[in-house]
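*Asks:*
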Amino acid sequence: MAATPHRIGPYEVTEVLGRGGMGQVYAARHPERGEVAVKVLLAGGEATPAQQARFEREAEVLARLRHPGVVRILSAGVERGVPWIAMERLVGETLEDRLARSGPLSPEAVRALGRSIAEALSAAHAVGVVHRDLKPANVFLRSDGSPVVLDFGLAKDLGPGAAERLTQTGCLVGTPAFLSPEQVSGSPAQHRPTSDVYGLGATLYAALTGRPPVGGATVLEVLLATQRQQPVPPSRLAPKVPAALEAVVLRCLEKEPAARYPDMAALARALAEAGPSAPGRAVRWRRVVVGAAAFAATLGLVRALRVASHPRSPLPRSPAAVREEAQGALAAGETARGLELLRVAADAGDAPAAYALGLRYQGGDVVARDPRVAEAWFCRAAEAGHAAAAVRLAAILEERRGGGDEEALAWYRRAAEAGQPDAAYVLAVRSAAGTGVERDADAARRWYERAAEGFRRGEGLSSRKRSFRLGRILWEGLAGDRDPEAGLRLLRRAAAEGEPKAALYLGRLAGDDEQAAVGLGEGLRLLRRAATGGESEASLLLALRYMKGDGVPADPEAALPWWRRAAEGGEVLASAYLAWAYARGEGVVRNEAEAERWFARAAAAASPERVLFLAAEHQRGNRLPRDDAQTVRWLRRAVELGSTEGMAALGRLYEQGRGVPKEPWTAADLYRRAADGGNPKGLARLGRLYEKGLGVPGDLKAAERCFREAAEAGLPEAAYDLARLYGGESGFPANQREALRWCRLAAQADLPIAAYRMGQFYETGQGVPVDPAEAARWYLRAAKRSSRRALLRLAHLHRHGLGVSRDPVRAAKLYRRAADQGSPEGMYQLSILLANGDGVPSDPDEALRLLRRAAESGHAKAMAALGRRCEEGRGLARDPAQAAAWYRRAISAGATSAAVHLARLCERGDGVARDPAAARRWLEYAAERGVGLADYVLGLWALEGRNGRRDPKRAVQHLLRAARAGHVGAMRLLQRCYRRGEGVAADPKSADAWRRRAQEAASAPPE
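Just so we're aligned, residue -10 is where the sequence shown starts under this note's numbering, counting upward by one.
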C-alpha cells in the first residue's frame, strides 16, 4: 500500500479517512479554509482512461452543483500525475453504517430524510445530471442528521454538451439490489430522472425495513427479481410504517418508469403530504422458544442435584463468603467439606460457585468426571448471568449437537453482550463463515474488535486460549490493521503453553521460502505437537505432507499412521482415504472388509455437502487420489441422502461415461430427479440433452423451457444456454433480441463466457450496432474472470487501436497473461510482437522461445511459422528438412496455408526430394480449402508457364478465387490481366476497379 502523502496541492494531509474501490480520502488542512477532505484516484498515473474519466466526471458534476444536500467541492488538481478533489469535511456516518449499527429508522425520520434527498437530487436533475447509483452507502448523515448525497462518479450528463458516453452501455453499473429495472435491462430510460426516483425509493425502503426491496442468493436472481418481483410491502416487515408513506415508497418502486413520480419535486411533495398516520397493519408479537426440550432436561438435572443434597439451614453469611470458605477448604485438602460448601453457595444463587462446580465436574477435578452434571451447573451459573459459564455451556451444546446450534448461539450472544471476549471471538468466526448465522463480514469485524479489546485487558477463559485467539486476530488483521510481529509472538507463546490449536495454526503457516513465518522443519514439529494434543486436523495435514512429499520425502507408509490417527479423530477425509487404500491395496494389504468399514464410517459422519466434497476430491485428485470409481461411489451416497447436487453431478458422469458406462438415458433420469428437487443445474443439463437429443427425444421447445426455468431460478449458465438457443444454435428459430437480453443477464452475473459473447456481439454487430469500445469493456469484464479468449480479443483491440487507444505495450501484457495461463495463441501472438518490435522492444530470443512453446503445444500457425524460420534460417540454423517436418505437422493440425510453403520446398527440392507434381498437389490441396495464397501461386504459375504449360484462362480463375479470399497480389495481377487482355477480354474499367480494390485491401486494418 502506498505511504500516506504529506501534502496534496495546497493541503496538508493529517490522516486517512477511508478507501473505496477507486479512490482514497484523506483528512487535510488548508491555512485559510481549515479542515477539508481530499479524494485522490487510487490508481494514480496507472489508472485506466475509464477510471480517470469517472473521477473527472465526479469533479465536474460536483463543481456544477450548489445545494446543501450535495457535498461541496472546493478545488481540484493533479499532484505528481495523481488527480485529486478537495471537498468540505463531513462529520457523521453513512446511512448504511447507521442502519447496520442501529437498525431501521423511524417512519418520520425516513420521511424527512427522503424529502431532503429528493430536494438535493432535484437540484442535480435541474442541471442535467442523473446520479444512477443511489443506495444507503451513498447517503451521508451529518452529525445533525441532515443528509448529503455522495459519489457522483457514475452520474450521467443529460445536457447538450455531453460528448462522451461514460456509462458502460449494457454493462451493469451500480449496486444490484438498488438498480432500477431499466438499468438492469440496459434501456435508455436508465439515464432519466425516474431511474433516480427508483433508487431513492429503494433507499427509503431499506431505511424503513433494514433490507433492500429485492434480494436473491445470486446476482442473477437479484437482477431477475428487480425486473419481475414486486417488493414486500414495508408494513409487513415493519408494522409501524404508515400507509401513506408506504404508498409513496411503493410508487417509487414501480417497474415501469412512467408509473413512478415524474421527478424529484413531485416525490418531495408526496413525502411532505405523507405525514404521521396510523400504521399500515397491526403489530403482532410472537414468542420464540429455543431449545425448550434441552433446557427442560437440564433444569430437571439441576433439581435432581438439589434433591440429592442435604437439607440446609439458613445461611449465616453471604453466598460469596461461603464460596470463599469452600475454596479455602478445597485448597487445604478438605474435599468433601469444600464441595458441600460450594453446593450450598450455588443453591443460594451464587453464580461463581455454580461455575466452579461445573469446572470440577467437567475436568474431573477431585470429583468423578461427569459432563452432564457439569452442563447442569454451567446452565445454573449462566442463567444467573455468569458470562464464562455461558461460553462453556454453549461449547458443550455445540459439541453435542453440532456447530450452529441455535441455543448455543444464543448463549454465546448473551456472554458476548456481557463483555466475554471468547464468546465474541466465537461469534466473529461464525459470522465470517456463515455457520448458524447469516454470513456478515461487517458483523464479524465488530465481534473481532470486541474480542480483541477483552483479550488485551487479560480477560478470557484461559491464558493460552487468549494468546492464541488474540495472536490470530493480530496476525490476520481481523480487527483492523495487521500486526504480524505481535501476532506471531502471541501464537508462539500459546503453542509453548500447550495450546494445540496454536501449534496447528503455526504449522499451517510453514513454508520453504524466506517470507514464511515458520520454517518447514519447525512446522512439522508443531503439527506433531498439535496432533499429540488431540487436533485431528494436524494428523490429517501430516498425512497429506508425507503422501505428497510436501516438505518431507514422499513416503506413503509414513503417512498411513497419520491417516489412521486423523480418521480415528473424526476427520472424514482420512476415513475416505483409508477406504480407498484398503480397496486398492495402496500401502496396505488389500482388504475389502476394512475398505467397507472405513467407507461406512466416513459415510455415517458426512453430511450431504461433505459427501459431495469427498466426491469432488476424488474427481480432481487434490487431497484424495484421483479415482473415478470412488467419485461415483460417493456421488451415489449423496443421491441416497437426497442431494440434488449429487444427482446432477452423477448424471454428468453418466453423460460423459466417466467411471460408469456412457448412458445418456440414465443421465436424463438423474437430471430430471435433480430438477424435480428444485436444482437448476439438473434442469439446465436436462435441457442440453433435449437440445442434442441424447437419452431423450430431441425437443428444442423442451430445451427452451428447461433453460428458461433454470435461468429464472438464478443459474447464469442456463441464461447463457438460452442466449445460445435464441442465437439460432441447434436450428432453433433465431431471436437476436432475446439472445442479447439473456446473454446480458448471464454476463452481468459474471459468467465469463457470456461476457465474452457480449464482446463478440458488439465487435461484429450481431443484434447491436458495431461498437468496438463497448466490446472492449465486455472483453475486459470476461478477462477479469480468467477468460483467456477475452484476454486475446482485448489484446487484439489494443494492438490495432480498435475501440480503444492503440497500445502495443498493453497488448503485449495481455498476450503475456494469456500465455502464462497456457494459451498457445497468446504465446504465438506475443512472439510476433516481440519478433517485429511492433511498439514494444524487439526480443528475438524470447520471440523464438514463445514460438517453440506454442508449436509444441499444438498451435498450427506457430508450427507453420517455425517451419518458415527453419527454412529461412531466421534466429536458428537453416534446416529445410526440419522446415518440411514442421509444415507437415502444421497441415495435420489444420494450418492448410503451410501446404503452400511445403509445395515451394518440393518444387525446389530443398530439404526434400524435388517433386514438381507433389508441389502442385500441395497447392491444389490448399486452394480447395480456401487458401488465397495457394490460388495466387497456381495463378502465377499458369500465367508464367511454370511447372506446366502457360494457361492464362486458368490463371484468371485461380486469381479470382485468391482475390475473393482477400489476396492483394492476386488483385494486382488481375489488374494486369484486364489491362493486357491475358486470359480475359481487355477491359480498362475492370483493370481500374481491381487497382482500387487492391489499394483498399492494402490499407484496411487487420482482423
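Glycine included, C-beta positions come from ideal geometry on N, C-alpha and C.
Would the beta-carbon of A407 fall within 8 Å of that of A376?
*Replies:* As a working note, residue 407 is residue 418 in the sequence shown. As a working note, residue 376 is residue 387 in the sequence shown. Yes, these two residues count as a Cβ contact at 8 Å.
*Asks:* Within 8 Å, do at least three Cβ pairs link the region 80 to 90 to the region 4 to 21?
*Replies:* Touching, no.
*Asks:* I need the DSSP call for T885, collapsed to helix, strand or coil.
*Replies:* Taking the first residue of the sequence shown as 1, we reach residue 885 at position 896. If DSSP states are grouped into helix, strand and coil, T885 belongs with coil.
*Asks:* Indicate the three-state DSSP secondary structure (helix, strand or coil) for S831 in the structure shown.
*Replies:* Your numbering for residue 831 matches position 842 in the sequence shown. Coil at S831, not helix or strand.
*Asks:* So, is H(-5) buried or exposed, given that buried needs 16 or more other C-beta atoms within 10 angstroms?
*Replies:* Taking the sequence shown and counting its residues from 1, one reaches residue -5 at position 6. It is exposed - the Cβ of H(-5) has fewer than 16 other Cβ atoms within 10 Å.
*Asks:* Output the boundary residues of the alpha helix (DSSP H) element that contains H787.
*Replies:* Start at 1 with the first residue of the sequence shown, and residue 787 comes out as number 798. Element bounds for H787: 777 to 789.
*Asks:* From what residue to what residue does the beta strand (DSSP E) around L6 run?
*Replies:* As a first step, residue 6 is located in the sequence shown; it is residue number 17 there, counting from the start. Element bounds for L6: 0 to 8.
*Asks:* Reducing DSSP to helix, strand and coil, say where E68 ends up.
*Replies:* Position 79 of the sequence shown, counting from 1, holds the residue named residue 68. Strand at E68.
*Asks:* Beta-carbon separation of R458 and A485 under 8 Å?
*Replies:* Taking the first residue of the sequence shown as 1, we reach residue 458 at position 469. Taking the first residue of the sequence shown as 1, we reach residue 485 at position 496. It is not a contact, given that the beta carbons lie outside the stated cut-off.
*Asks:* Decide if K124 is buried, meaning its Cβ has at least 16 other Cβ atoms within 10 Å, or exposed.
*Replies:* Mapped onto the sequence shown, residue 124 falls at position 135. Buried, by the Cβ-count rule.
*Asks:* Report yes if the C-beta distance between A743 and A712 is below 8 Å; otherwise report no.
*Replies:* Locating residue 743 in the sequence shown gives position 754, where the first residue counts as 1. Locating residue 712 in the sequence shown gives position 723, where the first residue counts as 1. Yes; because the gap between Cβ atoms is below 8 Å, this pair is in contact.
*Asks:* By the three-class DSSP mapping on this structure, what secondary structure does V219 have?
*Replies:* Position 230 of the sequence shown, counting from 1, holds the residue named residue 219. In the sequence as displayed, the identity of residue 219 is Gln instead of Val. Note: Q219 maps to coil in three-state DSSP.
*Asks:* From the DSSP secondary-structure annotation, give me the bridge partner or partners of P136.
*Replies:* If you number the sequence shown from 1, residue 136 lands on position 147. Answer is L130, bridged to P136.
*Asks:* Between the C-alpha atoms of L328 and A373, what's the straight-line distance to the nearest angstrom?
*Replies:* Against the sequence shown, residue 328 aligns to sequence position 339. Against the sequence shown, residue 373 aligns to sequence position 384. Roughly 20 Å separates the two Cα atoms.
*Asks:* Do three or more CB pairs link the region 591 to 608 to the region 555 to 571 at distances below 8 Å?
*Replies:* They touch, by the three-pair rule.
*Asks:* Label N825 either buried or exposed according to how many other C-beta atoms from any shown protein chain fall within 10 Å of its C-beta, with 16 as the threshold for buried.
*Replies:* Translated into the one-based positions of the sequence shown, residue 825 becomes position 836. N825 should be labelled exposed.
*Asks:* Mapping the DSSP letters down to three states, classify R514 as helix, strand or coil.
*Replies:* As a working note, residue 514 is residue 525 in the sequence shown. Helix at R514.
*Asks:* Could you give the residue range of the alpha helix (DSSP H) that holds A26?
*Replies:* As a position in the sequence shown, residue 26 is number 37, starting the count at 1. Element bounds for A26: not the alpha helix (DSSP H) but the beta strand (DSSP E), 23 to 30.
*Asks:* Given a threshold of 16 other Cβ atoms within 10 Å of its Cβ, counted over all protein chains shown, does T215 qualify as buried or as exposed?
*Replies:* Residue 215 sits at position 226 when you count from the first residue of the sequence shown. So T215 ends up on the buried side.
*Asks:* Is it buried or exposed for R8, if we count other Cβ within 10 angstroms and need 16 for buried?
*Replies:* Position 19 of the sequence shown, counting from 1, holds the residue named residue 8. Exposed, because fewer than 16 other Cβ atoms sit within 10 Å of the Cβ of R8.
*Asks:* Can you look up Y679 in the DSSP assignment and give me helix, strand or coil?
*Replies:* Here residue 679 is taken as the residue at index 690 of the sequence shown, counted from 1. Reduced to three states, the DSSP call for Y679 is helix.
*Asks:* On the CB-based measure, 16 or more other CB atoms within 10 Å of its CB, does S452 come out buried or exposed?
*Replies:* For the purposes of this step, residue 452 is taken as the residue at position 463 of the sequence shown. When all chains shown are included, S452 counts as exposed.
*Asks:* Going by C-alpha to C-alpha distance, which of A378, E474, K490, L819 sits closest to P410?
*Replies:* On the sequence shown, position 421 is the one that residue 410 refers to. The residue with the shortest Cα to Cα distance from P410 is A378.
*Asks:* So, is Q619 buried or exposed, given that buried needs 16 or more other C-beta atoms within 10 angstroms?
*Replies:* On the sequence shown, residue 619 is found 630 positions in, with the first residue counted as 1. It counts as buried.
*Asks:* Can you grab the Cα-Cα spacing for the pair E388 / P813, in whole Å?
*Replies:* The residue labelled residue 388 in the question sits at position 399 within the sequence shown. The residue labelled residue 813 in the question sits at position 824 within the sequence shown. The alpha-carbon atoms of E388 and P813 are separated by roughly 53 Å.
*Asks:* Can you have a look at K454 and say buried or exposed, based on whether 16 or more other CB atoms are within 10 angstroms of its CB?
*Replies:* Here the question's residue 454 lines up with position 465 in the sequence shown. It counts as buried.
*Asks:* Start and end of the beta strand (DSSP E) containing A16?
*Replies:* Stepping through the sequence shown from its first residue, residue 16 is reached at position 27. Residues 12 to 19.
*Asks:* Could you give the distance in angstroms between the alpha-carbon of V5 and the alpha-carbon of A468?
*Replies:* Position 16 of the sequence shown, counting from 1, holds the residue named residue 5. Position 479 of the sequence shown, counting from 1, holds the residue named residue 468. Roughly 17 Å separates the two Cα atoms.
*Asks:* What did DSSP end up calling A75 once you bin it into helix, strand or coil?
*Replies:* Your numbering for residue 75 matches position 86 in the sequence shown. Strand, per DSSP.
*Asks:* Whole angstroms are fine: how far does the CA of A879 sit from the CA of G640?
*Replies:* On the sequence shown, residue 640 is found 651 positions in, with the first residue counted as 1. On the sequence shown, residue 879 is found 890 positions in, with the first residue counted as 1. The alpha-carbon atoms of G640 and A879 are separated by roughly 38 Å.
*Asks:* What did DSSP end up calling D63 once you bin it into helix, strand or coil?
*Replies:* Here residue 63 refers to the residue found at position 74 when the sequence shown is read from its first residue. One point to set straight first is that residue 63 is Leu, not Asp, in the sequence displayed. Of the three classes helix, strand and coil, the one that applies to L63 here is strand, per DSSP.
*Asks:* On the criterion of 16 or more Cβ atoms from any shown chain inside 10 Å, does E526 qualify as buried, or is it exposed?
*Replies:* If you number the sequence shown from 1, residue 526 lands on position 537. Classification for E526: buried.
*Asks:* Taking all protein chains shown into account, do 16 or more other C-beta atoms lie within 10 angstroms of the C-beta of W436, making it buried, or fewer, making it exposed?
*Replies:* Numbered from its first residue, the sequence shown carries residue 436 at position 447. Buried.
*Asks:* Under the DSSP definition of a beta bridge, which residues are partnered with A499?
*Replies:* Taking the first residue of the sequence shown as position 1, residue 499 is located at position 510. For A499, which the question treats as bridged, DSSP gives the partners V507.
*Asks:* Beta strand (DSSP E) containing E82: first to last residue?
*Replies:* Numbered from its first residue, the sequence shown carries residue 82 at position 93. Its beta strand (DSSP E) spans residues 81 to 83.
*Asks:* Determine the burial state of A902: buried for a count of at least 16 other Cβ atoms within 10 Å of its Cβ, exposed for fewer.
*Replies:* Numbered from 1 along the sequence shown, position 913 holds the residue referred to as residue 902. By the 10 Å Cβ count, A902 comes out exposed.
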